[in-house]
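S.K.:
Numbering (the numbering used here), first residue to last: 31 to 249.
1. For the 8 Å Cβ check, are there 3 or more pairs between the stretch 166 to 180 and the stretch 48 to 67?
2. Can you tell me whether residue 104 is buried or exposed? The criterion is at least 16 other CB atoms within 10 Å of its CB, across all chains shown.
3. Distance check for residue 127 and residue 235, CA to CA, integer angstroms please.
4. Measuring alpha carbon to alpha carbon, tell me which residue in 173, 118, 42, 134 is nearest residue 247.
5. I need the DSSP call for residue 156, collapsed to helix, strand or coil.
6. Do residue 153 and residue 198 come within 9 Å of each other at the CB atom, strictly closer than that value?
7. If I follow the unbroken alpha helix (DSSP H) through residue 38, where does it start and stop?
8. Looking at C-alpha atoms only, which residue of 131, 223, 144 is the closest neighbour of residue 172?
9. Please report the straight-line C-alpha distance between residue 185 and residue 229, rounded to a whole angstrom.
10. Rounded to the nearest angstrom, what separates residue 79 and residue 95 at their Cα positions?
11. If you check the beta carbons only, do residue 190 and residue 164 fall under 9 Å apart?
12. Between which two residues does the beta strand (DSSP E) holding residue 164 run?
13. Output needed for residue 48: all residues of its chain with C-beta closer than 7 Å, excluding positions within five of it in sequence on either side, in chain order.
14. Could you spell out the range, first to last residue, of the beta strand (DSSP E) harbouring residue 225?
15. Determine the direct distance from the alpha carbon of residue 89 to that of residue 136, and round the result to whole angstroms.
16. Could you say which of 117, 92, 82, 109 lies nearest to residue 150 if we only look at CA atoms?
17. Ends of the alpha helix (DSSP H) at residue 68?
18. Relative to the C-alpha of residue 73, which candidate in 116, 100, 221 has its C-alpha closest?
So, in structure tokens, the structure goes:
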């Protein structure tokens with residue numbers, strides 16, 4: 031059973047802010063599931079009764095619940111794992127996406143983590159699938175929330191240990207970019223844009239990075 035926070039406690043949390051991962055979302059926190067997710071959760075998976083967003087005595091916030099059988103449909107974010115494969119020359123590998131969202135725009139290789147794999151396994155698998163490059167994921171560059179998409183993106187720097195660049199349905203082009211040549215205006219996602227910005231400034235705090243998101247919001 032979760033305890034409902036008092037008004038004072040909620041104010042204290044709000045005063046802490048949303049953290050650096052909040053840079054990549056435009057949706058107000060605490061606004062419930064994105065509409066497109068709620069539309070897929072209209073009926074109880076146990077008994078078929080319509081679900082309703084309602085307060086529950088044992089929950090700290092309103093939940094999608096079934097009045098007939100008591101089932102609660104919890105809506106939690108999915109994990110996206112991406113890598114920034116770095117060449118021996120210190121350049122970051124990006125792909126020009128071949129699928130929507132963001133077709134034709136640049137992004138790090140990555141995708142949804144499977145429930146039966148670790149973060150490291152998922153990041154290496156997605157990179158190999160999309161680029162043909164075998165990588166060893168290393169340090170965490172950052173975590174980036176995108177409430178609109180119901181995802182949290184984890185980006186890791188990666189060392190290339192094998193394979194060769196290979197175009198795939200998901201990658202129309204594969205290219206290495208020096209930190210001062212990142213195509214900021216053509217980055218597909220806010221999560222990717224801020225991950226690249228953090229990677230560049232982590233390497234060189236004096237490196238020029240646009241002041242705020244300049245890419246294209248694919249989702």
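We put the beta carbon where it would ideally sit given N, CA and C, even for glycine. Source: prediction; values computed, not measured.
M.R.: From the atom records:
1. Contact between the stretch 166 to 180 and the stretch 48 to 67 is present: three or more C-beta pairs spanning the two stretches fall below 8 Å.
2. The residue given as residue 104 occupies position 74 in the chain shown. Of the residues assessed, residue 104 falls on the exposed side of the cut-off, its CB having fewer than 16 other CB atoms within 10 angstroms.
3. Here residue 235 corresponds to residue number 205 of the chain shown, with the count starting at 1. Here residue 127 corresponds to residue number 97 of the chain shown, with the count starting at 1. Their backbone Cα atoms lie some 29 Å apart in a straight line.
4. Against the chain shown, residue 247 aligns to sequence position 217. Residue 247 has its Cα closest to that of 134, out of 173, 118, 42, 134.
5. Counted from its first residue, the chain shown places residue 156 at position 126. DSSP places residue 156 in helix when its eight states are reduced to three.
6. Against the chain shown, residue 198 aligns to sequence position 168. Against the chain shown, residue 153 aligns to sequence position 123. Not closer than 9 Å, so no.
7. What you label residue 38 is simply residue 8 of the chain shown in a count that begins at 1. Counting along the chain, the unbroken alpha helix (DSSP H) around residue 38 starts and ends at 37 to 46.
8. Translated into positions along the chain shown, residue 172 becomes position 142. Looking at the Cα atoms, 223 is the closest of the given residues.
9. Position 155 of the chain shown holds residue 185. Position 199 of the chain shown holds residue 229. Taking C-alpha positions only, residue 185 is separated from residue 229 by approximately 10 Å.
10. Within the chain shown, numbered from 1, the residue matching residue 79 stands at position 49. Within the chain shown, numbered from 1, the residue matching residue 95 stands at position 65. One Cα belongs to residue 79, the other to residue 95, and the distance between them is close to 10 Å.
11. Start at 1 with the first residue of the chain shown, and residue 190 comes out as number 160. Start at 1 with the first residue of the chain shown, and residue 164 comes out as number 134. Going by C-beta atoms, residue 190 is nearer than 9 Å to residue 164.
12. Taking the first residue of the chain shown as position 1, residue 164 is located at position 134. From DSSP, the beta strand (DSSP E) with residue 164 extends over 163 to 176.
13. Position 18 of the chain shown, counted from the first residue, corresponds to residue 48. Counting only Cβ-Cβ distances below 7 Å, and skipping sequence neighbours, we find 59.
14. Position 195 of the chain shown, counting from 1, holds the residue named residue 225. No beta strand (DSSP E) holds residue 225; the alpha helix (DSSP H) holding it covers 220 to 233.
15. Taking the chain shown and counting its residues from 1, the one referred to as residue 136 is at position 106. Taking the chain shown and counting its residues from 1, the one referred to as residue 89 is at position 59. Spanning the two alpha carbons is a distance of roughly 41 Å.
16. By 1-based counting over the chain shown, the position of residue 150 is 120. Checking every option, the nearest Cα to that of residue 150 belongs to 109.
17. Here residue 68 corresponds to residue number 38 of the chain shown, with the count starting at 1. From DSSP, the alpha helix (DSSP H) with residue 68 extends over 65 to 68.
18. Translated into positions along the chain shown, residue 73 becomes position 43. Among 116, 100, 221, the Cα nearest to that of residue 73 is on 100.
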